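In terms of mature numbering (1 follows the signal peptide of the UniProt record, and there is no 0), the sequence shown is residues -16 to -1, 1 to 322.
All residues carry an ideal CB built from backbone N, CA and C; glycine is no exception.
Just so we're clear, the structure is a prediction, and the values are computed from it rather than from any experiment.
What follows is a single structure, written as structure tokens, with notes after it.
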Amino acid sequence: MFVGAMVVIAVSVGAAFVVCLSLMASEVTQTVRYDDMCAVGDTCTLSVTVDEPAFSGVPVYAGYQLTKYYQNYKDYYPSYSDEQLDGRSFTVEDLYSDCYPQDPCPTNGSDSDVSECLDPCGIVYATRFNDTFSMAYGASATDGMAWVGKAEGDAVDWTSDGVAWAEDPEDRFNPSLIEALGDEAEPTMAWMRASGTPSFVKPYRIIEGGLEAGEYTLTVGSEYPVDAFGGTKAFVLTTRDPTRPSIVALCIGCLVSLGLAAPLALLCTVTHIIKPRSSKYTMPISAMASVNDTSDVREVVPPGDVDSASSRQPESAPPLAAPVSEGGTGTGDTRHSC
Ligand SMILES: *[C@@H]1O[C@H](CO)[C@@H](O)[C@H](O)[C@H]1NC(C)=O
Ligand SMILES: *[C@@H]1O[C@H](CO)[C@@H](O)[C@H](O)[C@H]1NC(C)=O
């Protein structure tokens, strides 16, 4: 039975590994770094060659990647007021505590006028990413590319609907308040959801119909400075939904826990072999009725005698007529340490 369990575990780990590898292969990402080609304040035109057939016919997420950007810094990520961004009432004190370490109002105290305060306050909103992107079919350097139903120079059809986590526009922020500030609702919400890692990809648009392989023109309005902190900016196309936890990350987590579980299972097996459970049943007879695996009943096996132990179980295992003490008060220890 334990050897069987080990086989099951080994097969599961192997299957999980294969599933993980295929999922990783299905998450395709193309990155176009542009901070070194497009200075802040410029509008730049870049050629992008999509050579991934994986982008065809599936939703493709267009976004941006920043590196060395510590959104997870403890004075950074909590610095915004969800009351303000959701249109609920707030006081000067609320803003001082929500938007710390920023000073959101001219004076701190209950007598100040809340209407004089920054709206919205907070470092997260103040530092929102503001580069803009547009994408068109074809590149000036090439001609004659043919797309079904698209002409060279046509804009790639994409939308910002759905780039925020589903609950953000519903429960956390009021999209029309953000639009009234002159910002795009969902990409701003995606920015407000602080990343836990200093290198991150945030979604900007979704190309529902995917992208055929070919040449494209990317127009970048570069506004966001990254030189000051030594970071980089890139435009990213990916099949991975950035508003969901990464399947790859889940897979790695799963493999790590399996990797921890396997040695434990091995330890249990070894413990079982060295110090096997007693053959005495102490279960009530009613419970015995559901026990049809007589291989649970086994004699003491000397250490190191694993294979012969499991192979001679059937003939050496006593039938169900083994001693039973009703009520579970018997002397035998039916529980194994694992
Ligand atoms: C603002 O006032 C509150 C109490 O009214 C106080 O706890 C807080 O430290 C003050 N913040 C600043 C930045 O002065
Ligand atoms: C873009 O964001 C940066 C950093 O917050 C800011 O300095 C700059 O003024 C912004 N530019 C525009 C046009 O909003």
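Which of helix, strand or coil DSSP assigns to residue i
i, result
"S118", "strand"
"F184", "strand"
"A125", "Note that A125 scores a pLDDT of 45, beneath 50, so its modelled location is shaky and nothing firm can be said."
"S6", "helix"
"L202", "strand"
"S73", "coil"
"A(-2)", "helix"
"Y109", "helix"
"V24", "coil"
"S31", "strand"
"Y48", "strand"
"S81", "helix"
"A38", "helix"
"G(-13)", "helix"
"Q14", "strand"
"A139", "strand"
Residue burial classification, residue i (beta-carbon count within 10 angstroms, cutoff 16)
i, result
"K259", "exposed"
"R189", "buried"
"T27", "exposed"
"D78", "buried"
"G288", "Low confidence applies here, because G288 scores a pLDDT of 49, under 50, leaving its location unreliable; read the following figure in that light. It counts as exposed."
"V(-6)", "exposed"
"D317", "Residue placement at D317 cannot be trusted, given a pLDDT of 41 that sits under 50; the coordinates are not used to answer."
"V(-9)", "exposed"
"I236", "exposed"
"residue 326", "In the structure as shown, the chain begins at -16 and stops at 322. Residue 326 is therefore absent and cannot be evaluated."
"M176", "buried"
"V108", "buried"
"R224", "buried"
"P247", "exposed"
"P90", "exposed"
Member of the options whose CA lies at the smallest distance from the CA of residue i
i, options, result
"S179", "A164, Y208, K58, D167", "K58"
"E11", "A148, V220, E77", "V220"
"Y208", "V24, M119, Y18", "V24"
"D145", "Y45, R224, K52, P182", "Y45"
"D35", "S(-5), D152, Y200, I162", "Y200"
"F184", "A148, F74, D95, Q49", "Q49"
"A174", "R72, L102, P226, V(-6)", "P226"
"A139", "T203, V147, Y84, V108", "T203"
"A110", "E136, C83, T91", "C83"
"A38", "A212, G198, P182, W142", "G198"
"I164", "G71, E100, K52", "The sequence shown places Ala at residue 164, not Ile. The option with the nearest alpha carbon to A164 is G71."
"P182", "R224, A(-12), T216", "T216"
"P187", "K52, E168, Q86, L69", "E168"
"D66", "C238, A150, C105", "C105"
"Y53", "M21, Y64, R112", "R112"
"V210", "D20, S31, A(-1), C238", "D20"
Distance cut-off 7 Å: residue i Cβ against heavy atoms of ligand 2
i, result
"Y208", "yes"
"residue 330", "For residue 330 there is no data in the structure shown, the boundaries of the chain being -16 and 322."
"S114", "First, the residue type needs correcting, since residue 114 is Asn and not Ser in the sequence shown. Within the cutoff, so yes."
Checklist entry - Can you list the alpha helix (DSSP H) stretches of 4 or more residues lying completely in the segment 142 to 178, in chain order? => result 159 to 164, 169 to 176
Checklist entry - Which runs of the beta strand (DSSP E) spanning at least 3 residues fall entirely within the segment 208 to 261, listed in chain order? => result Whole beta strand (DSSP E) segments, 3+ residues: 217 to 222.
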